[in-house]
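Reading through the structure tokens given below for one structure.
Numbering (our numbering), first residue to last: 48 to 543.
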């Protein structure tokens, strides 16, 4: 390792915050992670969440120091740093750089303010930002702060994304990567500041930060931080982008018609397009790709890792690596179709027009004296349900885009589950290119900082082929699952 240069990537994800070190040719040296701290704010709202940034920063610093210590890489060898992370997570700063608000993508405090924006400006919001509903994005969060009479509102100076805040902490420079800005609602699909939208809803456009593309050099690590984080002041900090788009870059999903599935906390499917494609029914999202003059059309499976973690904790008493391994082992022994067990635990067909609670659960044949249900078939049924919902969302994506996916790529933490990878290939009945490195968003962020920019991710991929017999069986079970899902929707109406 002596004399070599390395890239440090910080990834502030929805469930985990990670630190990865890559060689300049994108070989992963070490990766460390810890749960991302998120706190409920029940006094404000049952749906309000915040990120304690002081705690987060201490965790990031520890991850960096631990990674350097364990890898025996000296600070001088880390020549580049980039930051990626969850979309729709943002931070409001005052003029001195102090945090006034930091919320994750799960913070829903601005439901009413977002509804008011959509009631008056929905067509404009969707056509310019490609996203809905507005309660998830910066204008609604600012309106919430304003309408609740918070004294902090008058002190807001700038709005930036959570990953951009980490860059700010590292360099002292308030700058926002344009794709992250669009995902947070303070830039449009053209990559321009959303001045008109802010003005339409009665907000000053002075909150908008300077925008720049991924790969732009922001500056060097501040000397005051170098020692505390174990880095050198010579380390240069670059903008990366949202975790999903970074994952596309890391897998080499850069050509029009290719689809990248990033299965982690959630599971977005993004198809690369050469022009902006908007859903006339406004069910799904349109966003920007990190590659110039390319966009993405997205249909999101939603709760994948989160619902699966809940199930594993319930069945096995925890969510350690050992628990997941045991669950996968038992599930692999269950047959295709899980002995008629059907799971509906969160993943769904994306439709941003209809949000809210739904009826869900696990269905299996009764009486129990005749068909005893085992843990393995329950786990397998949940993996099958995620694959079924992915197939639904892929079909929706292809229908709106008007084309069949050329290639399908799979990355993200959920790829650690080898059984799921095979089930997905069988349910889709298509070849899937799977990234060998689970934290593929970090690979893309490393590319943004200059690492192996011509790599295109191809050396990091392995192909999973569908099994003909299983694919045929799954086609039957998929149709059965869809029919059951429709009936469950009617049950939701009865229970609501």
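Glycine included, every Cβ here is placed at the ideal spot set by N, Cα and C.
Given the structure is predicted, the values throughout are model-derived calculations rather than measurements.
DSSP links residue 234 through a beta bridge to 240. Residue 307 is positioned such that its CB atom lies closer than 7 Å to that of residue 456. Where residue 340 is concerned, there is no enclosing beta strand (DSSP E), because DSSP gives it neither an H nor an E. Secondary structure note for residue 66: its beta strand (DSSP E) is the uninterrupted segment 63-70. Following the DSSP letters along the chain, one finds residue 454 in no beta strand (DSSP E), marked with neither H nor E. Residue 126 holds the alpha-carbon nearest to the alpha-carbon of residue 70 among 117, 126, 84. Cα atoms of residue 254 and residue 209: separation of roughly 15 Å, rounded to the nearest angstrom.
Residue pairing by DSSP places residue 104 opposite no residue, since no beta bridge is assigned to it.
Residue 390 sits close to residue 432, with the two beta carbons spaced by under 7 Å. In the three-state scheme derived from DSSP, where H, G and I count as helix and E and B as strand, residue 483 is classed as coil. Within the region 389-473, the complete alpha helix (DSSP H) segments of 4 residues or longer fall at 422-448, listed in chain order.
Taking a 10 Å sphere around the C-beta of residue 335, we find 16 or more other C-beta atoms and assign the residue as buried. When rounded, the separation of the alpha-carbon atoms in residue 442 and residue 256 is 37 Å. Per DSSP, residue 306 lies in no alpha helix (DSSP H) segment; the continuous beta strand (DSSP E) that holds it begins and ends at 306-309. Here the C-alpha atom of residue 153 lies approximately 21 Å from the C-alpha atom of residue 203. Using a Cβ-Cβ distance cut-off of 8 Å, the region 58-69 and the region 81-98 are in contact, since at least three pairs of beta carbons, one from each stretch, lie closer than that value. Looking only at 236, 523, 471, the smallest Cα-Cα distance to residue 511 is reached by 471. Residues 177, 236, 333, 342 of the same chain have their beta carbon placed closer than 8 Å to that of residue 323, with the five preceding and five following residues left out of the count. Per the DSSP secondary-structure output, residue 128 pairs in a beta bridge with 55, 284.
Within the same chain, and ignoring the five residues on either side of residue 359 in sequence, the residues whose Cβ sits closer than 7 Å to its Cβ are 366, 370, 371, 374. Distances from the CA of residue 284 to each of 507, 261, 296 were compared; the closest alpha carbon is that of 261. With respect to residue 449, residue 294 sits apart: the two C-beta atoms are not nearer than 7 Å.
Around the beta-carbon of residue 96, 16 or more other beta-carbon atoms lie within 10 Å, marking it buried. Our two residues, residue 251 and residue 151, have alpha carbons roughly 23 Å apart in a direct line.
When C-alpha distances from residue 137 are compared across 181, 222, 231, 437, the shortest belongs to 231.
Between residue 531 and the set 395, 469, 278, the nearest pair of CA atoms involves 395. Residue pairing by DSSP places residue 317 opposite 307, 345 in a beta bridge.
Nearest neighbour of residue 309 by Cα position, chosen from 112, 227, 134, 461, turns out to be 461.
Here residue 488 is not near residue 129, since their CB atoms are 7 Å or more apart. The three-state secondary structure of residue 75, taken from DSSP, is strand. Note: residue 223 is bridge-paired with 258 in the DSSP secondary-structure output.
Residue environment analysis places residue 473 among the buried positions, since at least 16 neighbouring C-beta atoms fall within 10 angstroms of its C-beta. Spanning the alpha carbons of residue 247 and residue 161 requires a straight line of approximately 13 Å. Of the residues 388, 57, 522, 467, the one whose Cα lies closest to the Cα of residue 211 is 57. The C-alpha of residue 116 is placed about 35 Å away from the C-alpha of residue 141.
When only Cα atoms are considered, residue 292 and residue 418 end up about 45 Å apart.
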